[in-house]
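Protein chains in written order, with the UniProt record's numbering: chain A, 1 to 191; chain B, 1 to 191; chain C, 1 to 191; chain D, 1 to 191. As structure tokens, the structure follows; a few thoughts come after it.
Number of protein chains: 4
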Amino acid sequence: MINTTSKRAILLETSLELFVDQGIQKTSMALISEKSQVAVGTIYHHFKSKEELIEGVYLEILESLGKHIAFTHEEEQLDFKSRFDLLWRKGYDYYTQFPNRFRFHDTYSYSPLISNQLREYARGYYQVAFDLIQEGIREGMLINTNPVLIMRWLYNSLSTIIQIKLNHEFEVTEDMVSTTLEMAWKSLTYK
Amino acid sequence: MINTTSKRAILLETSLELFVDQGIQKTSMALISEKSQVAVGTIYHHFKSKEELIEGVYLEILESLGKHIAFTHEEEQLDFKSRFDLLWRKGYDYYTQFPNRFRFHDTYSYSPLISNQLREYARGYYQVAFDLIQEGIREGMLINTNPVLIMRWLYNSLSTIIQIKLNHEFEVTEDMVSTTLEMAWKSLTYK
Amino acid sequence: MINTTSKRAILLETSLELFVDQGIQKTSMALISEKSQVAVGTIYHHFKSKEELIEGVYLEILESLGKHIAFTHEEEQLDFKSRFDLLWRKGYDYYTQFPNRFRFHDTYSYSPLISNQLREYARGYYQVAFDLIQEGIREGMLINTNPVLIMRWLYNSLSTIIQIKLNHEFEVTEDMVSTTLEMAWKSLTYK
Amino acid sequence: MINTTSKRAILLETSLELFVDQGIQKTSMALISEKSQVAVGTIYHHFKSKEELIEGVYLEILESLGKHIAFTHEEEQLDFKSRFDLLWRKGYDYYTQFPNRFRFHDTYSYSPLISNQLREYARGYYQVAFDLIQEGIREGMLINTNPVLIMRWLYNSLSTIIQIKLNHEFEVTEDMVSTTLEMAWKSLTYK
DNA sequence: TATGAATGAGGATTCATTCAT
DNA sequence: GATGAATGAATCCTCATTCAT
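In structure tokens:
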């Protein structure tokens, strides 16, 4: 049983790497089999189809992200701005720690390979972010516009700095990261 | 001669549509041939390979964008904030007018299907934006951080609202658009 | 396991036949698949490419020839002329028994479809012949000229009579075969 | 008219070179067009099809060979052995002077790309050789075996030394050439 | 569960040939 | 005659998926 879990994990990890490096469609099941040292037939024991494997990768990323950004009981007690910063930083940490997960999410989350239904379902994993945004609006801390817009805006602010970091376009200093966070905050608050 | 030009244009347009609707890799040359009413062999007469066709689509979009966002001589005379707004609005107009071009750019510009070299080359088409950003920093109108970061930030601000509009997640009002623009401006200026 | 071996053999045999009958290039993989009752994909399971299949046919022929012409321990004891005749006869037998193998070798062994490297490698299979030639020269039984020249000369002597036999240009009698062998011997010896 | 002739000649020469270098089937009409600087359509003005172009190359070679090996009136007066040597030498000269013609003939004259009918027809070009052989048999200068066998034997003797020369397997000295000629003569005569 | 040989539809690309200019 | 854009059948090869072991 432990082995099974492990094979599934190996497959997800190998697939993620190949998907990101050469694109999902160029990555054949045979290649995944070879790189992961798992027979093709075995892959199909764990995932009914390539589509399900892709979905598996997607969900794994979001589930893991969800766990990473969840607030502890203590953190829940912090004031709004602190939680806002904390959430953003947690997202930044997560994607920085797992660059391939970021790349996958950034490239494929809006591609035709991920169904709307799945995207919808995955929203649950970052409900915490939505809740925070809605609280902010309700309490007058954030500007009163559509939460979906704010959600995307926040993701894009994260994405901006992480893309630069991963593409090595120039060195990203801690200063720059906090600048970016401040840009996000400033743009979402009144004056 | 007119026909030749026209065939190339038809191919680019049809390809763009199919690429965006079903993904580049799922779009076969045979399908492009069928939808565009141009024989497969003829496609290869105009584009050496599928790869070159993809690049053609990419460059066409950016070249056309470049023309659209260029400032007229009169516009050049406007003050910084006016030009900042104008550029953002032009980008918004362009992508709103050509939704498929936006979708293509947003989905594929950072995928492995577009080479770094090509991306580099295409940068020339939106040099205008870079110039404006650099002027803003120099003149103290924009915060003093890396222009590439600001460039991406601006693109992401545009992308945020356009994605929502195109995905019909909710109705996007003119009010919302100007709010987004203001968010971008506010985040990039001192106080 | 037996089936696997068998499929490879069937493919080599079918390919040989088609290559000889209609030319290598006119023989499509689809046709080989059809005639051999082996799916196209399966062919590629056994041979990475058409090129490798061609090489497989070539090597199979030479390897089998090599086994056929090898001297037994007893034969090794015979005098030079006997072994010379024996080798030539063995070659004649082999190619007469497997006409397609002769045709393939005769048509393609010096075509651009067989790489120099492969040709070089295959030389090992008829090292026996080279050894005999060198012994003959050393012992003064054969004229003292380059062994490669003699090797080719011998092959061409064989080829002459087999071509005629296979093309049915006229009936080839045992008398004619031994005449040809004597022509070869006479031309390679002093007086 | 002079230009026309010239284009035809250029096409034949270019085709020959490409056929020999990469194989007939791998040589596309487009490539011939490019290398010869003659538009594709123009090729089809001179040759109805690729097949006819191949035949053109084949016939050109044999016709030219025929002219080269023809005896002058004076040469006709020489004794048999002298004419035998002369003919062999002329063949050797011709193919040495035009290596590609040799390679083409050697590779393709017995391939399925040259029809039996054409081969038959081309025989006329080297009738001179047949005549000499038949005279030799009649006069008791050559062994009494089938002339076709002798014809092939002679061609193969030529081919042996030319192949070695062209493949640069080792340096071919004049000594070696005359040795080869002597081998051919010795093998075809009584004692 | 695990394996990997077998499958054949489908993909990108080539190419001999035609034809309007 | 000369040109080269246009054609679409045919080619080599890939690949998701199945299944007997």
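Ideal placement from N, C-alpha and C gives every residue a C-beta, glycine not left out.
Whole-angstrom C-beta distance between residue j and residue i, which should lie under 8 Å
i	j	result
residue 19 (chain D)	residue 57 (chain D)	7 Å
residue 16 (chain B)	residue 104 (chain B)	6 Å
Short CB-CB distance (under 7 Å) between residue i and chain A
i	result
residue 72 (chain B)	no
residue 170 (chain B)	yes
residue 144 (chain B)	no
residue 42 (chain B)	no
residue 96 (chain B)	no
Residue i at chain C interface by Cβ criterion, 7 Å
i	result
residue 102 (chain D)	no
residue 134 (chain D)	no
residue 116 (chain D)	no
residue 35 (chain D)	no
residue 23 (chain D)	yes
residue 67 (chain D)	no
residue 107 (chain D)	yes
residue 141 (chain D)	no
Same chain, Cβ closer than 7 Å to residue i, neighbours up to 5 away in sequence not counted
i	result
residue 160 (chain D)	180
residue 54 (chain A)	24 and 113
residue 39 (chain B)	33
residue 172 (chain A)	161, 164 and 165
residue 66 (chain A)	125 and 126
residue 29 (chain D)	40, 43 and 50
residue 130 (chain D)	147 and 151
residue 177 (chain C)	92 and 161
Cut-off 6 Å between Cβ atoms - residues of its own chain near residue i, not counting five sequence neighbours on either side
i	result
residue 27 (chain C)	18 and 19
residue 1 (chain A)	Low per-residue confidence applies at residue 1 (chain A): pLDDT is 42, beneath 50, and the placement is therefore not dependable, though the value from the model is reported in the following sentence. Cβ within range, chain order: n/a, list empty.
residue 93 (chain D)	none
residue 8 (chain C)	46
residue 123 (chain A)	none
Cutoff 7 Å: residue i Cβ touching any chain D Cβ
i	result
residue 148 (chain C)	yes
residue 112 (chain C)	yes
residue 4 (chain C)	At residue 4 (chain C), the pLDDT of 46 sits below 50, so the modelled position is not reliable; the number obtained from the coordinates is stated separately. No - not a single Cβ of chain D is within 7 Å of the one on residue 4 (chain C).
residue 152 (chain C)	yes
residue 29 (chain C)	no
residue 173 (chain C)	no
Sequence-distant residues of the same chain with beta carbon closer than 8 Å to residue i, five excluded per side
i	result
residue 90 (chain A)	68 and 69
residue 88 (chain B)	154, 157, 158, 181 and 184
residue 86 (chain C)	71, 75 and 78
residue 100 (chain A)	16, 17 and 20
residue 170 (chain D)	164
residue 31 (chain C)	18
Status (buried if at least 16 other CB within 10 Å, exposed otherwise) for residue i
i	result
residue 156 (chain A)	buried
residue 152 (chain B)	buried
residue 78 (chain B)	exposed
residue 84 (chain A)	buried
residue 222 (chain D)	As shown, chain D starts at 1 and ends at 191. That puts residue 222 (chain D) outside it, with no answer to give.
residue 187 (chain B)	buried
residue 106 (chain D)	buried
residue 82 (chain C)	exposed
residue 108 (chain B)	buried
residue 190 (chain D)	exposed
residue 6 (chain D)	exposed
residue 36 (chain A)	buried
Residue-chain proximity (residue i, chain B), Cβ-Cβ < 7 Å
i	result
residue 187 (chain A)	yes
residue 160 (chain A)	yes
residue 14 (chain A)	no
residue 1 (chain A)	No answer about residue 1 (chain A) holds up, because its pLDDT of 42 lies below 50 and its placement is not dependable.
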